[in-house]
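There are 2 protein chains.
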Amino acid sequence: MASQQQFMDYVEQHQEDFIDRLRRAVAIPSVSSDPNHRPDVFRMGEFLIDELKALGASVETRDPGKQDFHGQLTLDLPPVVLATVGDDPAKKTILVYGHYDVQPALKEDGWTTDPFVLVEDDKQRLIGRGSSDDKGPVLGWINVVEAHKKLGLEMPVNLKFCLEGMEESGSEGLEAIIEDEADKYFKDVDAVCISDNYWLGTTKPCLTYGLRGVSYFHLTVKGPAADLHSGVFGGTIHEPMTDLFALMSKLVQPDGKILVPGIYDQVRPVTSEEEATYQSIAFDLSDLQSAVGNKTNIHEDAISVLQHRWRFPSLSLHGVEGAFYNPGDKTVVPAQVVGKFSIRTVPDMEPKKITELVVKYVTDEFNKLNSKNTMVIKCSHDGNHWLSSPNHPNYVAAAKAVETVFNVKPDLTREGGSIPVTLCFQDALKKNVLLLPMGRGDDGAHSINEKLDRSNYVQGIKLLGVYLHEVSDVDLENKQ
Amino acid sequence: MASQQQFMDYVEQHQEDFIDRLRRAVAIPSVSSDPNHRPDVFRMGEFLIDELKALGASVETRDPGKQDFHGQLTLDLPPVVLATVGDDPAKKTILVYGHYDVQPALKEDGWTTDPFVLVEDDKQRLIGRGSSDDKGPVLGWINVVEAHKKLGLEMPVNLKFCLEGMEESGSEGLEAIIEDEADKYFKDVDAVCISDNYWLGTTKPCLTYGLRGVSYFHLTVKGPAADLHSGVFGGTIHEPMTDLFALMSKLVQPDGKILVPGIYDQVRPVTSEEEATYQSIAFDLSDLQSAVGNKTNIHEDAISVLQHRWRFPSLSLHGVEGAFYNPGDKTVVPAQVVGKFSIRTVPDMEPKKITELVVKYVTDEFNKLNSKNTMVIKCSHDGNHWLSSPNHPNYVAAAKAVETVFNVKPDLTREGGSIPVTLCFQDALKKNVLLLPMGRGDDGAHSINEKLDRSNYVQGIKLLGVYLHEVSDVDLENKQ
Ligand SMILES: [Zn+2]
Ligand SMILES: [Zn+2]
Ligand SMILES: [Zn+2]
Ligand SMILES: [Zn+2]
Numbered sequence: 001m002a003s004q005q006q007f008m009d010y011v012e013q014h015q016e017d018f019i020d021r022l023r024r025a026v027a028i029p030s031v032s033s034d035p036n037h038r039p040d041v042f043r044m045g046e047f048l049i050d051e052l053k054a055l056g057a058s059v060e061t062r063d064p065g066k067q068d069f070h071g072q073l074t075l076d077l078p079p080v081v082l083a084t085v086g087d088d089p090a091k092k093t094i095l096v097y098g099h100y101d102v103q104p105a106l107k108e109d110g111w112t113t114d115p116f117v118l119v120e121d122d123k124q125r126l127i128g129r130g131s132s133d134d135k136g137p138v139l140g141w142i143n144v145v146e147a148h149k150k151l152g153l154e155m156p157v158n159l160k161f162c163l164e165g166m167e168e169s170g171s172e173g174l175e176a177i178i179e180d181e182a183d184k185y186f187k188d189v190d191a192v193c194i195s196d197n198y199w200l201g202t203t204k205p206c207l208t209y210g211l212r213g214v215s216y217f218h219l220t221v222k223g224p225a226a227d228l229h230s231g232v233f234g235g236t237i238h239e240p241m242t243d244l245f246a247l248m249s250k251l252v253q254p255d256g257k258i259l260v261p262g263i264y265d266q267v268r269p270v271t272s273e274e275e276a277t278y279q280s281i282a283f284d285l286s287d288l289q290s291a292v293g294n295k296t297n298i299h300e301d302a303i304s305v306l307q308h309r310w311r312f313p314s315l316s317l318h319g320v321e322g323a324f325y326n327p328g329d330k331t332v333v334p335a336q337v338v339g340k341f342s343i344r345t346v347p348d349m350e351p352k353k354i355t356e357l358v359v360k361y362v363t364d365e366f367n368k369l370n371s372k373n374t375m376v377i378k379c380s381h382d383g384n385h386w387l388s389s390p391n392h393p394n395y396v397a398a399a400k401a402v403e404t405v406f407n408v409k410p411d412l413t414r415e416g417g418s419i420p421v422t423l424c425f426q427d428a429l430k431k432n433v434l435l436l437p438m439g440r441g442d443d444g445a446h447s448i449n450e451k452l453d454r455s456n457y458v459q460g461i462k463l464l465g466v467y468l469h470e471v472s473d474v475d476l477e478n479k480q
Numbered sequence: 001m002a003s004q005q006q007f008m009d010y011v012e013q014h015q016e017d018f019i020d021r022l023r024r025a026v027a028i029p030s031v032s033s034d035p036n037h038r039p040d041v042f043r044m045g046e047f048l049i050d051e052l053k054a055l056g057a058s059v060e061t062r063d064p065g066k067q068d069f070h071g072q073l074t075l076d077l078p079p080v081v082l083a084t085v086g087d088d089p090a091k092k093t094i095l096v097y098g099h100y101d102v103q104p105a106l107k108e109d110g111w112t113t114d115p116f117v118l119v120e121d122d123k124q125r126l127i128g129r130g131s132s133d134d135k136g137p138v139l140g141w142i143n144v145v146e147a148h149k150k151l152g153l154e155m156p157v158n159l160k161f162c163l164e165g166m167e168e169s170g171s172e173g174l175e176a177i178i179e180d181e182a183d184k185y186f187k188d189v190d191a192v193c194i195s196d197n198y199w200l201g202t203t204k205p206c207l208t209y210g211l212r213g214v215s216y217f218h219l220t221v222k223g224p225a226a227d228l229h230s231g232v233f234g235g236t237i238h239e240p241m242t243d244l245f246a247l248m249s250k251l252v253q254p255d256g257k258i259l260v261p262g263i264y265d266q267v268r269p270v271t272s273e274e275e276a277t278y279q280s281i282a283f284d285l286s287d288l289q290s291a292v293g294n295k296t297n298i299h300e301d302a303i304s305v306l307q308h309r310w311r312f313p314s315l316s317l318h319g320v321e322g323a324f325y326n327p328g329d330k331t332v333v334p335a336q337v338v339g340k341f342s343i344r345t346v347p348d349m350e351p352k353k354i355t356e357l358v359v360k361y362v363t364d365e366f367n368k369l370n371s372k373n374t375m376v377i378k379c380s381h382d383g384n385h386w387l388s389s390p391n392h393p394n395y396v397a398a399a400k401a402v403e404t405v406f407n408v409k410p411d412l413t414r415e416g417g418s419i420p421v422t423l424c425f426q427d428a429l430k431k432n433v434l435l436l437p438m439g440r441g442d443d444g445a446h447s448i449n450e451k452l453d454r455s456n457y458v459q460g461i462k463l464l465g466v467y468l469h470e471v472s473d474v475d476l477e478n479k480q
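These protein sequences, in sequence, are chains F and W.
So for the first sequence, the UniProt record's numbering puts the first residue at 1; every next one is plus one.
So for the second sequence, the UniProt record's numbering puts the first residue at 1; every next one is plus one.
Now the structure itself:
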């Protein structure tokens with residue numbers, strides 16, 4: 001406990017140094033989606049390797065190989081950085097994951113300041129691309145190591161890093177490396193902690209123990225051999241767009257209810273125990289409405305909103321490939337159109353079963369249309385949902401750390417989106433995975449003026465360090 | 001009759017000269033939609049002015065003004081060329097219309113030969129951009145004048161030309177000029193003839209006496225203030241795409257039946273007299289199927305196909321603006337989407353009434369959705385249908401000319417698309433308008449390898465000339 005306090009004091013006193021480190025990291029525009037910035041992504045990897053080595057970590061890299069960039073060019077993928085701080089067999093080993101690439105950012109997009117120059121505004125917000133997603137958290141772990149080293153404090157656990165440079169672009173090659181290293185580099189890992197998401201709101205820390213999955217579908221309707229003119233052919237042939245709209249309109253109701261039979265049968269019922277967990281969560285309907293920008297919410301109470309975001313499935317129509325999409329008027333009859341939609345999945349929905357249900361339903365509905373066009377429905381991609389337990393010792397340790405640093409019990413949250421690496425670590429390592437966010441819900445991770453509040457950075461560094469202390473004390477084999 | 005035969009013989013004997021004139025015209029890439037080719041459009045106008053003047057025509061031009069090219073640049077519009085051959089008050093005055101601009105064409109699009117070099121293949125097809133649409137027909141009229149001049153034959157009518165250079169790009173400025181000149185340059189016009197469409201098939205000439213109109217609609221659904229992530233928001237807000245697909249699926253059935261109440265009440269019934277006119281028309285179901293490339297036809301008999309193309313309304317869904325349209329997967333919830341659809345209209349549908357019916361129906365259906373999104377439905381553009389009569393003396397004269405040149409009675413056809421200038425001339429001049437095509441239905445006017453069969457060009461020149469002789473003999477005031 002004394003060492004925890006010492007650590008926290010050090011962080012409080014040296015926050016300018018840590019902000020300076022973040023400033024140097026933000027200055028490297030490691031935009032993974034832009035081939036022109038690919039050298040910067042590599043440079044950012046080097047920056048982290050140097051920082052880690054300077055703190056005595058042993059560092060290795062793994063090469064994810066080459067990227068086929070939209071069939072236009074071949075790019076080297078930035079390395080997965082593996083680093084180890086400590087290898088005491090008497091200690092637990094905690095694996096932390098983060099990413100060192102960032103979303104694109106241009107001043108012209110509407111940034112108030114240069115996105116790659118970290119500035120602090122009068123509300124003590126550190127503004128810059130990657131400040132919150134995910135350079136702040138990644139440096140958070142490094143700052144923890146530095147603080148211990150400078151204080152001459154022993155690290156409470158062995159710490160392993162897994163840092164990738166392609167998260168914002170699909171984490172190409174990462175899964176294979178994790179699976180490959182599961183019984184090698186990651187062999188002694190006892191638990192995993194990922195800091196790459198956000199508080200639910202702006203005031204209260206949270207631990208995140210669940211994510212929805214996503215199954216993405218392509219519904220193709222093929223009619224004439226080529227696009228036709230609606231004047232000449234309208235009324236004489238089966239138009240693929242008519243069939244597509246008929247089918248896609250039968251997938252989901254305006255109130256969000258999914259119309260594919262059998263989907264809800266697979267959804268785990270809400271227990272009274274689960275219901276109770278929503279009561280204390282800091283979330284209002286107004287939080288949703290301000291995020292959305294108006295009052296187009298379906299549900300009128302905050303708990304329903306959270307449940308429909310976290311633990312009920314949803315179906316969204318995304319668009320149509322092959323149809324007219326520009327402004328203006330065009331009288332084309334598209335020859336082939338591909339409708340895109342996805343289903344957010346929750347326990348206990350199984351991706352394979354979902355695809356079966358969707359394919360059967362859409363095929364049945366298509367047959368009812370009596371169209372001479374042809375229809376193909378396919379799942380283009382599925383990622384399973386993920387659910388851990390806030391009662392797991394890894395979470396209990398994190399909750400204690402939150403109480404120590406913030407003097408409040410964390411909200412126990414789930415998220416509506418997916419973070420595929422979470423499930424990948426859990427499946428490959430068979431260890432508990434904890435999502436422990438540093439930033440706030442309004443950080444604007446993928447938007448203009450991305451920020452990390454100074455207090456979130458400083459308290460976040462404390463949180464990550466204290467978590468390592470707390471997790472060293474729990475029995476991780478006692479899986480509740 | 002002797003002079004007609006003399007004229008036809010001359011055309012037969014001088015066909016190489018006429019093809020050479022077409023070759024020189026095709027060599028000018030007068031693509032009106034491409035700013036880089038705008039000078040070529042002007043050059044093509046000059047070419048026609050020179051040819052007309054050389055034949056003794058008096059030529060004037062009208063300037064349609066400037067074009068705002070997608071808000072990016074301002075382009076000069078090519079002139080409307082007005083020319084007069086003869087001003088004998090004892091003769092009728094016939095106005096002919098054509099356009100000297102062409103569709104874009106690139107060798108890379110799949111042309112077998114350079115699109116701007118006219119070549120004749122082994123099936124005696126003259127291949128080149130604009131050969132059929134509409135340089136062949138425009139030169140057809142000029143060739144008629146030349147033949148008479150060379151033969152020392154008097155022209156049977158006074159001939160006026162109205163030639164524009166923007167037809168393939170919306171005829172910007174033309175309507176105002178026609179209206180303005182109605183009681184000036186066009187004051188003495190007795191009838192109008194337009195040669196800018198095609199035979200129904202490939203074997204039999206036709207006269208075209210009807211066109212469908214088109215009313216184009218934009219259906220906008222607006223939800224959240226910005227695009228959202230379906231993981232975070234799916235299931236909690238009213239998604240504009242869901243509402244849009246619900247509404248657009250209620251517009252038309254897969255078998256082409258329009259679901260907007262009241263539309264069919266306005267459609268003029270098929271009389272037995274009209275029904276009879278379809279019997280002799282050279283058109284098979286296989287003609288539709290080969291145009292479409294497969295058997296996705298709704299109707300199983302040729303007459304139903306023609307009626308649904310020509311004289312029944314149709315509704316086509318064209319696309320969605322604001323949604324995801326690229327290949328691949330994207331989990332966006334679009335904030336605002338605009339569905340595009342159009343209705344092909346026929347007698348006695350009135351555009352204003354159609355818009356009223358559509359707006360009422362879509363609004364009613366949207367209200368049933370109980371969505372908190374907002375919806376706006378608007379007619380972005382409407383052009384009325386057009387219907388003349390094959391019994392009008394102008395058509396009787398043309399039918400006689402077809403019999404003289406082709407030894408067959410022409411098919412009496414309508415078309416499913418619209419040619420707005422037709423209605424514009426009829427409304428402005430209050431004179432009969434005849435559509436007298438030169439090319440075949442398979443000329444590929446807007447496709448690669450556009451062609452005009454040598455025989456269509458040569459017989460077409462004869463047809464235009466003989467028509468002028470025939471129309472000089474009928475009583476155009478006797479409007480059947
Ligand atoms: Zn991230
Ligand atoms: Zn991110
Ligand atoms: Zn044309
Ligand atoms: Zn055209």
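Don't be surprised by glycine CBs; every beta carbon is placed ideally from N, CA and C.
Since the model is a prediction, treat every value here as computed from it, not as a measurement.
* Nearest-angstrom Cα separation, counted from F:Q67 out to F:T74 -> Locating residue 74 of chain F in the first sequence gives position 74, counting from the first residue. Locating residue 67 of chain F in the first sequence gives position 67, counting from the first residue. The alpha-carbon atoms of F:T74 and F:Q67 are separated by roughly 6 Å.
* 8 Å contact criterion, which F:D134 and F:G98 should meet: CB distance rounded -> The residue you call residue 134 of chain F lines up with position 134 of the first sequence. The residue you call residue 98 of chain F lines up with position 98 of the first sequence. Contact flag correct, Cβ pair sits at about 5 Å.
* Report the option in F:K184, F:L211 and F:T93 whose CA atom is closest to the CA atom of F:S472. => Here the question's residue 472 of chain F lines up with position 472 in the first sequence. Considering only alpha carbons, the answer is F:T93.
* Would you identify the three-state DSSP class for W:Q480, choosing helix, strand or coil? => Sequence index remark: in the second sequence, residue 480 of chain W carries index 480 (1-based). Note that W:Q480 scores 46 on pLDDT, short of 50, meaning its location in the model is unreliable; the coordinates nonetheless yield the value given after this. Reduced to three states, the DSSP call for W:Q480 is coil.
* Mind checking whether the beta-carbon of F:E108 lies closer than 7 Å to any heavy atom of ligand 3? -> Here residue 108 of chain F refers to the residue found at position 108 when the first sequence is read from its first residue. Checking every heavy atom of ligand 3 against the Cβ of F:E108, none is found closer than 7 Å.
* To do: Could you tell me whether the Cβ of W:K451 comes closer than 8 Å to any Cβ of chain B?
  => Of the chains in the structure shown, none is chain B; the protein chains are F and W.
* Does any heavy atom of ligand 3 sit closer than 7 Å to the C-beta of residue 496 of chain W? -> For chain W, the structure presents residues 1 to 480; residue 496 of chain W sits outside this window and is missing.
* To do: With distances taken Cα to Cα, identify the nearest neighbour of W:H70 among W:D34, W:V405 and W:L288.
  => Here the question's residue 70 of chain W lines up with position 70 in the second sequence. Ranking the options by Cα distance to W:H70, first place goes to W:D34.
* Asked: What does W:H99 touch in chain F if you count any residue whose Cβ is under 9 Å from its own?
  -> Translated into the one-based positions of the second sequence, residue 99 of chain W becomes position 99. Neighbours of W:H99 on chain F: none; closest Cβ ~18 Å, over 9 Å.
* To do: Could you name the residues of the same chain whose beta carbon sits closer than 6 Å to that of F:V320, not counting the 5 residues immediately before and after it, in chain order?
  => By 1-based counting over the first sequence, the position of residue 320 of chain F is 320. Same-chain partners within the cutoff: V337 and G339.
* Pairing CB atoms from the segment 385–397 of chain W with CB atoms from the segment 448–458 of chain W, are three or more of them under 8 Å? -> no
* Using a Cβ cut-off of 8 Å, pull out every chain W residue sitting near F:H299, in sequence order please. => Position 299 of the first sequence, counted from the first residue, corresponds to residue 299 of chain F. Within chain W, the residues near F:H299 are T236.
* Output the distance between the C-alpha atoms of residue 488 of chain W and F:V232, rounded to the nearest integer angstrom. => What is shown of chain W runs 1 to 480, which leaves residue 488 of chain W out entirely.
* Kindly list the residues whose CB is nearer than 8 Å to the CB of F:K53, restricted to its own chain and excluding five residues on each side of it in sequence; keep chain order. => Within the first sequence, numbered from 1, the residue matching residue 53 of chain F stands at position 53. Excluding residues within five positions, the ones whose Cβ falls inside 8 Å are V59.
* Using 8 Å as the threshold, is the segment 348–366 of chain F in touch with the segment 215–227 of chain F, meaning 3 or more CB pairs across them? -> yes
* From W:Q480 to W:F245, what does the alpha carbon distance come to, in whole angstroms? -> As a position in the second sequence, residue 480 of chain W is number 480, starting the count at 1. As a position in the second sequence, residue 245 of chain W is number 245, starting the count at 1. The pLDDT assigned to W:Q480 is 46, lower than 50, so where the model puts this residue is not dependable; a value taken from the coordinates is nonetheless given after this. Using only the alpha carbons, I get a separation of about 48 Å.
* To do: Would you mind listing the beta strand (DSSP E) stretches within the segment 135–206 of chain W that are 3+ residues and don't spill past its ends, in chain order?
  => 158–164 and 191–194
* To do: With 8 Å as the threshold, decide whether the Cβ of F:N407 is near any Cβ in chain W.
  => In the first sequence, the residue the question calls residue 407 of chain F occupies position 407. For F:N407, the answer is no, since every Cβ of chain W falls outside 8 Å of its Cβ.
* Asked: Taking 7 Å as the cut-off, is the CB of F:D443 close to at least one heavy atom of ligand 1?
  -> Working through the first sequence from its first residue, we reach residue 443 of chain F at position 443. Result no, Cβ not under 7 Å from ligand 1.
* Asked: Listed by chain order, which residues have C-beta atoms less than 5 Å from any heavy atom of ligand 1?
  -> F:D133, F:D134 and F:D196
* **Contacting positions in the segment 362–391 of chain F - beta carbon closer than 8 Å to chain W** => L369, N370, S371, K372, N373, S380 and H381
* What is the rounded straight-line gap between the Cα of W:T113 and the Cα of W:L315? -> For this step, residue 113 of chain W is matched to residue 113 along the second sequence. For this step, residue 315 of chain W is matched to residue 315 along the second sequence. Roughly 37 Å between the two C-alpha positions.
* Asked: Can a CB atom of chain F be found closer than 8 Å to the CB of W:T296?
  -> Counting from one through the second sequence, the residue named residue 296 of chain W turns up at place 296. W:T296 counts as touching chain F.
* If you draw a straight line from the C-alpha of W:G45 to the C-alpha of W:D382, how long is it? -> As a working note, residue 45 of chain W is residue 45 in the second sequence. As a working note, residue 382 of chain W is residue 382 in the second sequence. Whole-angstrom Cα-Cα distance: 30 Å.
* **Any non-hydrogen atom of ligand 3 within 7 Å of W:E167 CB** => Here residue 167 of chain W refers to the residue found at position 167 when the second sequence is read from its first residue. True, at least one ligand heavy atom lies under 7 Å from that Cβ.
* Would you check if there are 3 or more beta carbon pairs closer than 8 Å linking the segment 434–441 of chain W to the segment 190–209 of chain W? => yes
* Extent of the continuous beta strand (DSSP E) run through F:T296 -> Here the question's residue 296 of chain F lines up with position 296 in the first sequence. It is not in any beta strand (DSSP E) - F:T296 carries neither H nor E in the DSSP assignment.
* Are there 16 or more other CB atoms within 10 angstroms of the CB of F:Q5, so buried, or fewer, so exposed? -> The residue labelled residue 5 of chain F in the question sits at position 5 within the first sequence. Classification of F:Q5: exposed, given that the 10 Å Cβ count is below 16.
* Asked: Under 8 Å Cβ-Cβ, which residues of chain F neighbour W:G110?
  -> Position 110 of the second sequence, counted from the start, is the residue given in the question as residue 110 of chain W. Chain F residues near W:G110: none, gap ~12 Å exceeds 8 Å.
* To do: Find out if the Cβ-Cβ distance for the pair W:G223, W:P240 is shorter than 8 Å.
  => Within the second sequence, residue 223 of chain W is the residue found at index 223, counting from 1. Within the second sequence, residue 240 of chain W is the residue found at index 240, counting from 1. Yes, the pair counts as a contact, with Cβ atoms nearer than the cut-off.
* Asked: Mind checking if W:A225 is an interface residue toward chain F, Cβ cutoff 8 Å exclusive?
  -> Counting from 1 along the second sequence, the entry for residue 225 of chain W is found at position 225. Chain F, which has a Cβ nearer than 8 Å to the Cβ of W:A225, makes this yes.
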